[in-house]
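Let me begin by presenting the structure, written as structure tokens, before commenting on it.
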Amino acid sequence: MSATPDTRRHRHASRNDRTSASTNRHAHSRASTPPLPAYEPPIAPLNAAGHNAIIALLNAPSLRQLKTHIQRAEEKLTDSAGEVNERLTDARVRYQKERARKRKRANGETPAAEGGGAKEEEDEEEDNYDDGEEINRLARLEEQVQSVTEELEARMRQTIDAEVKLEGLKGVLADMAKEAEEATVAGAGAGAAGLRGRRTRRRRGDDEEDQDPEEVGDEDYEATPEPQMTGIPPSRRLGQKLDEESARWTGQSLTQRYSTNNAYIGFYRIVHEAKHPGDDIPPLPHASTWFAHKEDPHATSTATTDQTSARRTRQRRSPSPADSDEIAIERERISLKCPLTLLPFRDPVTSTKCPHSFEREAITDMIAHSSTTVPGPPSRGRRNRIRSVKCPVCSVVLTAEDLRSDPVLLRRVRRAEAASQREAEDDELDADGNPRRRRRQGRKSGITVASDDDSEEGGIRHQETADAAVRIKQERALSQARSAVSDDMDADE
Numbered sequence: 003m004s005a006t007p008d009t010r011r012h013r014h015a016s017r018n019d020r021t022s023a024s025t026n027r028h029a030h031s032r033a034s035t036p037p038l039p040a041y042e043p044p045i046a047p048l049n050a051a052g053h054n055a056i057i058a059l060l061n062a063p064s065l066r067q068l069k070t071h072i073q074r075a076e077e078k079l080t081d082s083a084g085e086v087n088e089r090l091t092d093a094r095v096r097y098q099k100e101r102a103r104k105r106k107r108a109n110g111e112t113p114a115a116e117g118g119g120a121k122e123e124e125d126e127e128e129d130n131y132d133d134g135e136e137i138n139r140l141a142r143l144e145e146q147v148q149s150v151t152e153e154l155e156a157r158m159r160q161t162i163d164a165e166v167k168l169e170g171l172k173g174v175l176a177d178m179a180k181e182a183e184e185a186t187v188a189g190a191g192a193g194a195a196g197l198r199g200r201r202t203r204r205r206r207g208d209d210e211e212d213q214d215p216e217e218v219g220d221e222d223y224e225a226t227p228e229p230q231m232t233g234i235p236p237s238r239r240l241g242q243k244l245d246e247e248s249a250r251w252t253g254q255s256l257t258q259r260y261s262t263n264n265a266y267i268g269f270y271r272i273v274h275e276a277k278h279p280g281d282d283i284p285p286l287p288h289a290s291t292w293f294a295h296k297e298d299p300h301a302t303s304t305a306t307t308d309q310t311s312a313r314r315t316r317q318r319r320s321p322s323p324a325d326s327d328e329i330a331i332e333r334e335r336i337s338l339k340c341p342l343t344l345l346p347f348r349d350p351v352t353s354t355k356c357p358h359s360f361e362r363e364a365i366t367d368m369i370a371h372s373s374t375t376v377p378g379p380p381s382r383g384r385r386n387r388i389r390s391v392k393c394p395v396c397s398v399v400l401t402a403e404d405l406r407s408d409p410v411l412l413r414r415v416r417r418a419e420a421a422s423q424r425e426a427e428d429d430e431l432d433a434d435g436n437p438r439r440r441r442r443q444g445r446k447s448g449i450t451v452a453s454d455d456d457s458e459e460g461g462i463r464h465q466e467t468a469d470a471a472v473r474i475k476q477e478r479a480l481s482q483a484r485s486a487v488s489d490d491m492d493a494d495e
């Protein structure tokens, strides 16, 4: 028997009433629930669990990954700045070579073109027009390179700021972990003393059990002391120490912040060397002058004027031996070959204790085969001994931790190789920029195939002699290092 329409409407109305009642009950329960209290930072001292958590945070992979990321960012910024400035330098070099080629052609050092003087005048006018266009293009390129270099320099300083902040955080956490450990030890001692006191009172109570309870009363009752918070809570102390580190860093001048930072020194050095092609590179300006244009522009202009006046005075007077010595040190020459392998650098590393550079594989092999050891950095409370060797150039003791990659030197090697290749290509061009034609020389009479074989064998023997010389040099350096090690051990005995 089917339900009537009135019955269906009644059921639907009942279902709606139940739903609305349930909704009202939930709304009433939510309204009656009290709101959550405001967040309060922890004020209790760190316990053993908190101490272990800080140690785990210090050793967490995230901090190591962040430091690696920052270091790679510094390397990329340095490489970008060097590449940008090298492009400008290469453009200038090409322009100067082109001008020299045109000057030779104008001076008649090349065969005259067909068409007489009219043709020469047209070529000269065209050359002057091209020179003006090239100068304007170089000026625009220089402005762009300067703008990009300034932006990269600002990013480099921001990256160094992030690295310093990370090191400050690690230092503050290490201090807090040490304080928590000391507090835990002190708390354990206080707990032991309290336990001994309670045992003493318990024995005293056993002796006084025979006394009248009314006479004893509550005189021996001693409430359990509540732990009192002394000093600043750990969370607030962490924030205060981080603020102090940040204020100390920002309170320093630009020279104090970045002139001694190895990453910024490498950045400044690679930009400086990218602006000067060739082997004769002016020495790096003193670090105190790097930020003079930002810290005190008036002092910079005054110093520049004084230096210009002094330079003009030296030029007016007659040269003297002292002046010759001064001119001799105005430029520096750095060897692009490893003193151990006698070959151009491929993966150079530079010592942080002395200014000498070596091929990574050669110097690390010397250290690995050395019998001399020195105390290494502390690791988990212990100081292990690590292998060391005397610098093959000086007497400074080096370890593997004292070697750092030198991207500036590697870039200089690549620039030298590129310059040699460009010079070889320029030798193949005449004054007009056209490739020269080589005359094919026939085989002279009296030369046989055996002579060619002898020349090839001579080339092979020459290469073998060079390889033997390199091997002898490495073995000699290793033997000198081992003899120095044995002398040191005899002296210690």
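Counting from 1, position 330 in the sequence shown corresponds to residue 332 in my numbering; the numbering is continuous, with no gaps.
We put the beta carbon where it would ideally sit given N, CA and C, even for glycine.
Local conformation of residue i per DSSP, three classes
i      : result
Ile234 : coil
Pro350 : strand
Thr375 : strand
Leu400 : strand
Gln148 : helix
Ser34  : helix
Ser261 : coil
Val391 : strand
Ser248 : helix
Ile283 : strand
Arg416 : helix
Thr304 : Note that Thr304 scores a pLDDT of 47, beneath 50, so its modelled location is shaky and nothing firm can be said.
Glu495 : Because the pLDDT of Glu495 is 48, which lies under 50, any placement of that residue in the model is unreliable, and the question is left without a value.
Asp325 : With a pLDDT of 41 at Asp325, under the threshold of 50, the predicted position of this residue should be treated as unreliable, though the coordinate-derived value follows. The answer is helix: DSSP assigns Asp325 an H, G or I state.
Host alpha helix (DSSP H) of residue i (start-end)
i      : result
Val273 : 264–276
Glu297 : 294–297
Leu90  : 63–108
Leu344 : Taken as a continuous stretch (DSSP letters only), Leu344 belongs to no alpha helix (DSSP H), as it is neither H nor E.
Leu59  : 50–60
When the options are compared against residue i, the one with the closest alpha-carbon
i      : options                        : result
Lys262 : Asp349, Thr354, Val95, Ala93   : Reading the sequence as shown, one finds Thr at residue 262 and not Lys. The shortest Cα separation from Thr262 among Asp349, Thr354, Val95, Ala93 belongs to Thr354.
Ile369 : Ile267, Arg348, Pro394         : Pro394
Val169 : Asp133, Leu65, His371, Val415  : Residue identity check: residue 169 is Glu in the sequence provided, not Val. Residue Leu65 is the option with its Cα nearest to Glu169.
Glu88  : Pro346, Val150, Val187         : Val150
Trp251 : Lys99, Lys69, Leu171, Pro36    : Leu171
Glu403 : Asp177, Ala418, Val376, Pro409 : Val376
Ala164 : Pro346, Arg271, Arg416, Leu68  : Leu68
Ala58  : Ser290, His71, Gln98, Met178   : Met178
Glu155 : Ile272, Thr343, His71          : Ile272
Thr374 : Ile72, His358, Thr401          : Thr401
Ala418 : Glu183, Val86, Arg259, Ile283  : Ile283
Phe516 : Gly378, His371, Asp408, Arg389 : For residue 516 there is no data in the structure shown, the boundaries of the chain being 3 and 495.
Gly378 : Ser390, Thr70, Glu135, Leu240  : Ser390
Ser290 : Met158, Tyr270, Ala276, Gln160 : Tyr270
Pro357 : Pro236, Leu286, Cys396, Glu145 : Cys396
Lys339 : Asp298, Arg416, Arg159, Ala426 : Arg416
Trp292 : Glu152, His371, Arg387, Glu363 : Glu152
Arg94  : His278, Leu244, Pro350         : His278
Ala276 : Ala55, Pro63, Ala83, Pro350    : Ala83
Lys296 : Leu256, Glu135, Thr343         : Leu256
Arg406 : Pro285, Thr352, Ala294         : Thr352
Ala75  : Ala108, Tyr266, Asn138, Glu100 : Tyr266
Gln160 : Pro44, Arg259, Arg101, Pro36   : Arg259
Arg424 : Asp92, Leu140, Glu363, Ala182  : Asp92
Arg103 : Val398, Asp133, Gly52, Glu77   : Asp133
Start and end residues, beta strand (DSSP E) containing residue i
i      : result
Glu361 : 359–361
Leu405 : 405–407
Nearest-angstrom beta carbon gap, residue j and residue i [assumed within contact, 8 angstroms]
i      : j      : result
Thr70  : Gly268 : Not confirmed; about 17 angstroms, so no contact.
Leu143 : Leu90  : 6 angstroms
Phe347 : Leu412 : 6 angstroms
Test: residue i CB closer than 8 angstroms to a CB of chain D
i      : result
Glu246 : Looking for chain D here will not work: only one protein chain is present.
Heavy atom of the ligand FAD within 7 angstroms of residue i beta-carbon
i      : result
Leu405 : This structure simply doesn't include the ligand FAD, nor any ligand for that matter.
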